[in-house]
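Chemist: Numbering (this note's numbering), first residue to last: 59 to 711.
No residue lacks a Cβ here, since even glycine has one placed at the ideal position from N, Cα and C.
All figures in this text were calculated on a predicted structure; none of them were measured in a lab.
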């Protein structure tokens with residue numbers, strides 16, 4: 059996972075950030091050790107690097123109106139600019155990441171890191187691992203896939219009758235071919251009879267030319283009459299079909315359920331939400347600055363208090379007195395207050411900051427929903443217009459065909475009168491033999507007309523069979539699509555479970571490796587178990603996935619027993635917390651999004667074990683930056699780059 063050869067060295071330029079006036083630091087791929095005593099601004103450097111990556115953890119120097127951190131990496135420069143105006147600190151620039159939620163939690167492993175603290179405080183580890191996962195988006199994806207599957211299955215249901223339809227069309231085709239064969243035989247027989255009858259009456263016939271002309275006109279008129287009747291029937295069927303379609307379209311239009319969105323109100327709400335998000339960004343930045351500054355002072359990791367309070371009499375530095383005493387001088391009002399009281403106030407500020415962040419998340423979701431609703435409303439209006447246009451075209455077609463029916467009806471009546479008149483003329487001109495011949499001609503005309511209709515019907519059946527073949531191809535594609543949707547649906551449903559399973563496996567594997575490297579003799583095993591528990595949420599009970607941490611110890615006699623996290627030493631708890639954060643780092647593949655892993659506040663672990671941890675963590679990140687005390691740094695590999703921090707060093711390294 060370490061891709062150190064792919065990236066060149068990184069350079070960080072800092073001015074007026076945290077407790078740092080100005081400094082530039084070069085980071086080579088691999089391990090960089092920030093070595094120095096407490097309160098030498100090593101943590102301020104780490105927070106500045108986090109800020110360049112996009113984190114809110116960076117803070118402006120207390121006596122500055124503007125600060126900047128620049129990160130030069132792989133030929134590009136990323137910036138984070140902090141500005142103070144009217145007591146409010148705002149941020150600008152182009153950081154490395156747009157969203158650092160996952161990196162803050164699993165790559166930037168400072169003392170206040172949420173994953174590390176969750177283990178020590180025995181919080182719900184499952185929620186910590188899954189926090190970066192947008193479960194709402196996964197649920198929405200599941201709903202979308204279910205809807206798509208339903209649509210595909212409905213279309214497949216409509217194609218279920220394909221086999222029966224094919225058998226029906228093939229049967230109809232065979233029947234028509236048989237009928238056509240019979241009609242052709244009948245036509246040939248009539249032709250022969252007419253030829254024989256012609257020879258029989260040839261010598262008897264008078265007015266032959268007139269009779270032939272009348273018979274020809276009669277045959278033509280009867281053919282025209284049958285054609286008009288056929289067209290009239292077809293037009294009536296078409297009109298009936300169009301009326302049914304018109305009714306369906308009108309019903310669809312009447313029952314159209316579009317998105318009821320007022321564009322004016324929606325746009326006003328969108329503008330309001332965006333303004334509120336900008337305000338929340340400013341407030342969160344201010345609260346983060348106060349919280350981080352207070353934490354640094356209480357942890358003895360900044361020397362800004364000395365500048366604010368001036369020289370203090372007595373032995374020892376200001377930092378030493380702040381760290382060692384149960385009380386401290388408030389750097390805002392100058393009065394003596396309890397350190398616990400300041401911590402409580404800081405915790406309340408942190409809660410307010412988190413509430414503001416949650417409000418920002420809710421507002422962003424509402425903004426996305428409003429924008430989706432407006433797009434849906436626009437699509438609905440387009441669909442309405444399309445339905446209206448289609449209905450209008452259908453009405454025009456219906457009017458046209460209704461007019462054709464009236465015209466054909468009038469023409470049919472005229473042809474019927476003409477046939478009747480021609481039959482009367484033929485009757486006057488023929489004798490008995492001629493009458494038989496006329497009937498034969500009539501039968502021949504009817505046979506040929508029936509033959510033409512059957513051939514047309516057969517051609518239509520062949521077209522239907524061709525169309526049916528295309529629908530068989532459509533069914534195969536739909537079945538393939540349904541299988542793909544089912545696969546995607548199953549993957550979406552198991553995505554969360556897969557992540558939790560991977561997290562458990564990663565933690566257990568890494569924990570076993572790290573315990574072997576660090577050699578805690580009285581700890582046999584530390585492992586996570588994924589469990590399902592029935593818990594109450596509001597007024598109902600739901601099944602919830604949780605992680606259960608197991609710690610197995612060995613007694614002096616060699617017996618093993620299960621213990622709890624609060625019985626571990628501070629060193630052991632810190633190691634478990636770091637490994638848990640590493641599991642989240644691996645599961646969420648944070649190494650793919652940010653090349654840095656930061657390590658701080660590991661003084662509770664002895665130097666040799668710190669060295670083993672750094673060696674182990676190095677394989678996962680391109681840049682591993684560790685802030686260590688000088689005595690702890692000595693145990694690390696001499697090849698690791700060192701950057702010294704303190705008042706006696708030059709501002710660049």
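(1) Tell me which residues share the same chain as residue 362 and place their Cβ nearer than 7 Å to its Cβ, disregarding the 5 neighbours each side in the sequence.
(2) Strictly by DSSP, which residues pair up with residue 135?
(3) Using the three-state DSSP reduction, which class does residue 702 fall into: helix, strand or coil?
(4) Please report how far the alpha carbon of residue 153 lies from the alpha carbon of residue 697, in whole angstroms.
(5) Could you tell me whether the segment 149–168 touches the segment 103–113, where touching means 3 or more Cβ pairs closer than 8 Å?
(6) Can you give me the C-alpha to C-alpha distance between residue 465 and residue 225, rounded to a whole angstrom?
(7) Quick one: Cα of residue 194 to Cα of residue 213, how far?
(8) In whole angstroms, what separates the C-alpha of residue 661 from that of residue 703?
(9) May I ask you to list the residues that DSSP assigns as paired with residue 140?
(10) If we ignore side chains and look at the alpha-carbon of each, how far apart do residue 129 and residue 107 end up?
(11) Would you kindly check if the distance between the Cβ of residue 652 and the Cβ of residue 165 is under 7 Å?
(12) Three or more C-beta pairs closer than 8 Å, one from the segment 197–216 and one from the segment 573–587: is that the case here?
(13) Within 10 angstroms of its Cβ, does residue 136 collect 16 or more other Cβ (buried), or is it exposed?
(14) Taking residue 684 as part of the beta strand (DSSP E), name the residues at either end of that continuous run.
(15) How would you write the range of the beta strand (DSSP E) that residue 88 sits in, first residue to last?
(16) Which term fits residue 354, buried or exposed, when burial requires 16 or more other beta carbons within 10 angstroms of its beta carbon?
(17) Provide the residue(s) that pair with residue 589 in DSSP beta bridges, ordered along the chain.
(18) With DSSP run on the structure shown, which of helix, strand or coil describes residue 154?
(19) Can you tell me whether residue 575 is buried or exposed, with buried defined as 16 or more other CB within 10 angstroms of its CB?
(20) Is it buried or exposed for residue 261, if we count other Cβ within 10 angstroms and need 16 for buried?
(21) Return the residue from the list 608, 439, 470 that minimises the CA-CA distance to residue 287.
(22) Given this structure, state the Cα-to-Cα distance separating residue 227 from residue 514, to the nearest angstrom.
(23) Mind checking residue 675: buried by the 16 CB within 10 Å criterion, or exposed?
(24) So, for residue 689: in the same chain, excluding its five sequence neighbours on each side, which residues have a beta-carbon less than 8 Å away from its beta-carbon?
(25) Who does residue 69 pair with in a DSSP beta bridge?
(26) Helix, strand or coil for residue 377? Go by DSSP, reduced to three states.
(27) Hey, out of 311, 172, 521, 184, whose CA is closest to residue 448's CA?
(28) Identify the continuous alpha helix (DSSP H) that holds residue 635 and give its terminal residues.
(29) So for residue 612, helix, strand or coil by DSSP?
(30) Which full runs of the alpha helix (DSSP H) of 4+ residues lie inside the segment 384–468, going along the chain?
(31) Give a yes or no on whether the C-beta atoms belonging to residue 55 and residue 635 are separated by under 7 Å.
(32) How would you call residue 184, buried or exposed, if buried means at least 16 neighbouring beta carbons within 10 angstroms?
(33) Spatial neighbours of residue 455 within its chain, please: C-beta separation below 8 Å, excluding the five flanking residues on both sides.
(34) For the segment 414–423 against the segment 316–336, are there 3 or more C-beta pairs whose distance is under 8 Å?
(35) Hey, residue 411 and residue 342: beta-carbon distance below 7 Å or not?
(36) Can you tell me where the beta strand (DSSP E) with residue 619 in it begins and where it stops?
Modeler: Straight from the coordinates:
(1) The predicted position of residue 362 is uncertain, since its pLDDT is 47 and thus under 50; no value can be drawn from it.
(2) 130
(3) strand
(4) 30 Å
(5) yes
(6) 39 Å
(7) 29 Å
(8) 16 Å
(9) 125, 149
(10) 8 Å
(11) yes
(12) no
(13) buried
(14) 681–686
(15) 88–93
(16) buried
(17) 604
(18) coil
(19) exposed
(20) Note that residue 261 scores a pLDDT of 47, beneath 50, so its modelled location is shaky and nothing firm can be said.
(21) 470
(22) 14 Å
(23) buried
(24) 665
(25) 84, 130
(26) In this prediction, residue 377 scores a pLDDT of 44, lower than 50, which makes its location untrustworthy; the coordinate-derived value is nonetheless stated afterwards. The answer is helix: DSSP assigns residue 377 an H, G or I state.
(27) 311
(28) 628–645
(29) strand
(30) none
(31) The structure shown does not extend to residue 55, since the chain spans only 59 to 711, so no value can be given for it.
(32) buried
(33) 300
(34) yes
(35) yes
(36) 618–621
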